[in-house]
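Have a look at the structure below, then the notes.
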Amino acid sequence: MKLIIDRFEEGFAVLEAPDCSHITVRRDEMPDGACEGSVLEYSNGVYSLDTEETEKRRRMMQEKLRKLFKNR
Numbered sequence: 001m002k003l004i005i006d007r008f009e010e011g012f013a014v015l016e017a018p019d020c021s022h023i024t025v026r027r028d029e030m031p032d033g034a035c036e037g038s039v040l041e042y043s044n045g046v047y048s049l050d051t052e053e054t055e056k057r058r059r060m061m062q063e064k065l066r067k068l069f070k071n072r
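Set out below in structure tokens:
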């Protein structure tokens, strides 16, 4: 299952699931390098960082912001 790190709160990571629900897990369960906006793959009780999908989403958001502020 793909999850996105929405935010960190007091030692916990708040993850957004595909159905827009939120899951709270201990921050120490997050893989090294995970930060807000990172895409995670959850399988067999382990969270792993999906760097390719994370970068794809970041590029997409940067492009949207560029277009939004282009005419200002």
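In the UniProt record's numbering, the protein residues as written are 1 to 72. All residues carry an ideal CB built from backbone N, CA and C; glycine is no exception.
Spatially closest choice to residue i from the options, by CA coordinates
i: A34; options: E63, Q62, P18 and Y47; result: Y47
i: S43; options: E10, E29, L68 and L65; result: E29
i: A17; options: L68, R27, K64 and S38; result: S38
i: E10; options: R27, E55 and K67; result: R27
Cβ distance (whole Å) where residue i is taken to contact residue j below 8 Å
i: E41; j: K70; result: At roughly 34 Å, the Cβ-Cβ gap does not stay under 8 Å, so E41 and K70 are not in contact.
i: L49; j: P31; result: 5 Å
Opening and closing residue of the beta strand (DSSP E) in which residue i lies
i: E41; result: V39 to S43
Identity of the residues DSSP links to residue i by a beta bridge
i: R24; result: According to the sequence as given, residue 24 is Thr; it is not Arg. Answer is V14, bridged to T24.
i: E9; result: F12
Limits of the alpha helix (DSSP H) - the one that residue i falls within
i: E55; result: T51 to F69
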